[in-house]
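Chemist: If you're matching positions, the sequence shown starts at 3 in my numbering and goes up one per residue.
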Amino acid sequence: MKNLIALVLFGLLPFAIQAQGIVTKADSELASDLKKRYPQNDVYATDHETVYTFSHNHYSKGTPMVEVNEEDKYELISLQTAYQFTNSITYNFESSVNSITGFNKKSANVWVGAEDMSFNEYYSTDTRYLIYHNYFNSSGERFGFKTSRKIFDIKYFTSVYFPDFFPQKEKRVIFEVPNWLELDLKEMNFDGYEIEKTIEEGPKSKRIIYTIKNIFGAYNQSNSPGPSYILPHLLVIAKSVTYQKQTTTLLNSTDDLYKWYRSLVLKVNNNPEHLKEKVNELIAGKTSDEDKIKAIYYWVQDKIIYLAYEAGLAGFKPAAAQDVFNRRYGDCKGMANLCKEMLKLAGYDARLTWIGTRIIAYDYSIPSLSVDNHMICTVFLNGKHIFLDGTEKYGSYHFNAYRIQGRPVMIEDGEKYILDKVPSYSADSNLHDIKRTAKIEGENLVGQNQSTYKNDYKTGILVEYNNLKTEHKQDAVGYFLSKGKNEEVSNISIKGLENRDEPLVFNNSYVLKHSLISSGKELYLTLDYTREFFDFSFDSTRLFDYEFHNNELKTQEVVLTIPAGYTVKYTPANFVRSGPDYSFKLTYTKKGNELIYRTELKLPDGIIHKVNFDDWNNMIKDLNKFYKEQIILTHP
3 MKNLIALVLF
13 GLLPFAIQAQ
23 GIVTKADSEL
33 ASDLKKRYPQ
43 NDVYATDHET
53 VYTFSHNHYS
63 KGTPMVEVNE
73 EDKYELISLQ
83 TAYQFTNSIT
93 YNFESSVNSI
103 TGFNKKSANV
113 WVGAEDMSFN
123 EYYSTDTRYL
133 IYHNYFNSSG
143 ERFGFKTSRK
153 IFDIKYFTSV
163 YFPDFFPQKE
173 KRVIFEVPNW
183 LELDLKEMNF
193 DGYEIEKTIE
203 EGPKSKRIIY
213 TIKNIFGAYN
223 QSNSPGPSYI
233 LPHLLVIAKS
243 VTYQKQTTTL
253 LNSTDDLYKW
263 YRSLVLKVNN
273 NPEHLKEKVN
283 ELIAGKTSDE
293 DKIKAIYYWV
303 QDKIIYLAYE
313 AGLAGFKPAA
323 AQDVFNRRYG
333 DCKGMANLCK
343 EMLKLAGYDA
353 RLTWIGTRII
363 AYDYSIPSLS
373 VDNHMICTVF
383 LNGKHIFLDG
393 TEKYGSYHFN
403 AYRIQGRPVM
413 IEDGEKYILD
423 KVPSYSADSN
433 LHDIKRTAKI
443 EGENLVGQNQ
453 STYKNDYKTG
463 ILVEYNNLKT
473 EHKQDAVGYF
483 LSKGKNEEVS
493 NISIKGLENR
503 DEPLVFNNSY
513 VLKHSLISSG
523 KELYLTLDYT
533 REFFDFSFDS
543 TRLFDYEFHN
553 NELKTQEVVL
563 TIPAGYTVKY
573 TPANFVRSGP
583 DYSFKLTYTK
593 KGNELIYRTE
603 LKLPDGIIHK
613 VNFDDWNNMI
623 KDLNKFYKEQ
633 IILTHP
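#1: Rounded to whole angstroms, what is the Cα-Cα separation between MET119 and GLU631?
#2: For THR380, collect the residues of the same chain with a Cβ closer than 6 Å to its Cβ; drop the 5 residues on either side in sequence, then sort them by chain order.
#3: When DSSP builds the beta bridges, which residues end up paired with ILE436?
#4: If we call anything under 8 Å between Cβ atoms a contact, is ILE609 one with PHE538?
#5: Would you mind listing the alpha helix (DSSP H) stretches within the region 264-293 that are 4+ residues and don't spill past its ends, in chain order?
#6: What does a CB cutoff of less than 6 Å around ASN339 pick up in its chain, not counting 5 residues either side in sequence?
#7: Report back the beta-carbon spacing between ILE156 and ALA240 to the nearest angstrom; my notes put them in contact at under 8 Å.
#8: Quick check: what's the CA-CA separation for PHE615 versus LEU545?
#9: Can you give me the C-alpha to C-alpha distance between CYS341 and SER255, rounded to a whole angstrom?
#10: Pick helix, strand or coil for HIS637, following the three-state DSSP scheme.
#11: Here's the rule I'm using: 16 or more other beta-carbon atoms within 10 Å means buried, otherwise exposed. How should SER521 be labelled?
#12: Tell me whether ASP458 is buried or exposed, calling it buried when 16 or more other Cβ atoms sit within 10 Å of its Cβ.
#13: Would you please state the rounded distance, in angstroms, between the beta carbons of MET377 and LEU277? I believe it to be under 8 Å.
#14: Look at VAL53 and ILE79 and say whether their C-beta atoms are less than 8 Å apart.
#15: By the DSSP assignment, the beta strand (DSSP E) with GLN86 in it spans what residues?
#16: Would you report the Cα separation of ASN222 and ILE361, rounded to the nearest angstrom?
#17: Please name the residue, chosen from ASN272, LEU625, THR543, that lies closest to LYS38 on a Cα-to-Cα basis.
#18: Label ARG330 either buried or exposed according to how many other C-beta atoms from any shown protein chain fall within 10 Å of its C-beta, with 16 as the threshold for buried.
#19: How long is the line joining the alpha carbons of LYS437 and PHE508, rounded to whole angstroms?
#20: Specify the secondary structure class of PRO425 as computed by DSSP and reduced to three states.
#21: Determine the contact status of GLY104 and SER30, defining contact as a CB-CB distance below 8 Å.
#22: Measuring alpha carbon to alpha carbon, tell me which of LYS335, LEU433, GLN476, ARG533 ends up nearest ALA310.
#23: With DSSP run on the structure shown, which of helix, strand or coil describes TRP618?
#24: Three-state secondary structure (DSSP) at SER640?
#25: Along the chain, where does the alpha helix (DSSP H) that runs through TYR481 open and close?
#26: Report the three-state DSSP secondary structure of LEU14 (helix, strand or coil).
#27: Check this for me: beta carbons of GLU96 and TYR158, under 8 Å apart or not?
#28: If you measure between the beta carbons of VAL238 and LEU187, is that distance less than 8 Å?
#29: Counting beta carbon pairs with one atom in the region 446-457 and one in the region 496-516, are three or more of them shorter than 8 Å?
#30: Looking at PHE577 and LEU588, is the spacing between their C-beta atoms short of 8 Å?
#31: What is the rounded straight-line gap between the Cα of ASN620 and the Cα of GLY581?
#32: Would you check if there are 3 or more beta carbon pairs closer than 8 Å linking the region 592-606 to the region 544-559?
#33: Could you tell me the distance, in whole angstroms, from the CA atom of TYR263 to the CA atom of GLY392?
#34: Could you check whether the region 592-600 touches the region 457-474, counting it as contact only if at least three pairs of C-beta atoms, one from each stretch, sit closer than 8 Å?
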């Protein structure tokens, strides 16, 4: 293995298999038919088998270590001419790649290269790709791969997903489980798939075989729910191991999961003395608990750079609070730990808290490392749990980001733990509101605009705004506030930039140029230049639900002053529609010499479910027609 890695690191390592063969007529026709069925994909697996075996490795502090060996073999047929197939296999501190080989009945090459998964200066991990390739000259050409990988500790072997990025005729996942290992396989999202399970009992082990047929290629689709919600997979839970007649519990229950997490926390060498001066400075002159907690919480948000760090046990163990403080950067665990230690110095009962964000479908009834992917800090105050996420830049003390709302948490409590949930908030809390006055001057609409943003909307804007260079901010805000390419904005004022607990409010004057059409005695115009969700429909290639970044409420009120001598001849009929995933209301009201246009667009759960796509698409079709209609003003 070391020789393989060394060769990879110093260049591309080719594996060549020499044989002679041609694309048969049958394979060419098969590829053509498959391409019609799977237009998004370039290869198709005619057969795929993954076998997992288990072996004793050694003892670590009295606990037997169980290794997992993965042997993967699949054969592909190309659905495209002149196509380079690329795949990868990952490894890190807890695993290694033993081999990658190719097989076929004709001449072919496999190239292997190495690449890490550290995307930028804010994300660091010890996970590495071994990337391998094969070039297909012709549609209908066949080629196969074999890979071998080892996981050193079964604790880190958490799940097996059936889909790959290419469609498959049949895939077999086989577990050869020795009698000394108690293994629980939880079947997730099996409904709607052709999956068969068989068990073959042997004298010293059993084979558990899952066979899935005709599975799609899980190509990337934006705004999909996390894979644990939508893809068929197995959760692998190693409950216990029996060796030399002695049974050792691994992860049999949530208690065992917490016990392991706590063992890592107890190894953290916090030295609060380094933090005292800063804590005293932050809370000086503050009398209320809320103000003191805010001062510390907001300081951590502002002064500590969030760096996602997933390397070795550091991916699970918090960094010491004083190290995060001195370096001014940390991952979620280090930031949570710093927040906890600073709050404790200020006299508060603060604790580390494990949580899985919304991308994860599981809760703490499942004893697995796949249950959570994040850490926050919880303050116990006046009988309530206050959840603080130091990584949520510009987040309010009174509001938790949508990504952790409603999610189960595990709060440390000495030898025990406390299970709870982060509160959820209604769509009204994520408000985007526009209020406009409008009057007609020649061919233009002019007036005043006020745009208000709350909570997740606000934090998203503040992150982008504060990442800009000072000299670019004014132009960026003007561009942001413009509702169309013909709109000019001026006299901009902003409120709420410095106060996390207030809405963010923009006020400005505007001129919408050439926004009216005059024809004889009639004027044609529209009052909605945002046209939210215009043409926002889903086609038949969409496989999964569509998730927005948060639940939301978008409201708008535009008050048009009707010019003297004009009357309203026509307004589009009010649009009021609701469905399982939305509630839309767009109306016109005449009041004296004013025409008032109001919209209220609500996504209560921030998701459009695939089963409701037809209803949504029909609504969008009618909404498009509404937006295309114009107001008509006339005079004698």
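In this text, a Cβ means the ideal position worked out from N, Cα and C, and glycines have one as well.
Since the model is a prediction, treat every value here as computed from it, not as a measurement.
Modeler: Looking at the atomic coordinates:
#1: Summary for MET119: the model assigns pLDDT 47, below 50, so the residue's position carries little reliability; its value from the coordinates is reported in the next sentence. The straight-line gap from Cα to Cα measures roughly 50 Å.
#2: ARG353, THR355, HIS387, PHE389, ILE413
#3: SER453, GLN558
#4: no
#5: 278-285
#6: PRO320, ALA323
#7: 4 Å
#8: 11 Å
#9: 29 Å
#10: coil
#11: exposed
#12: buried
#13: Not really, about 18 Å apart at Cβ, beyond 8 Å.
#14: no
#15: 85-93
#16: 15 Å
#17: THR543
#18: exposed
#19: 11 Å
#20: coil
#21: no
#22: LYS335
#23: helix
#24: Limits of the chain in this structure are 3 at one end and 638 at the other, which puts residue 640 out of reach.
#25: 472-483
#26: Reliability of the predicted coordinates at LEU14 is poor, the pLDDT of 38 falling under 50, and no value is obtained from them.
#27: yes
#28: yes
#29: yes
#30: yes
#31: 11 Å
#32: yes
#33: 20 Å
#34: no
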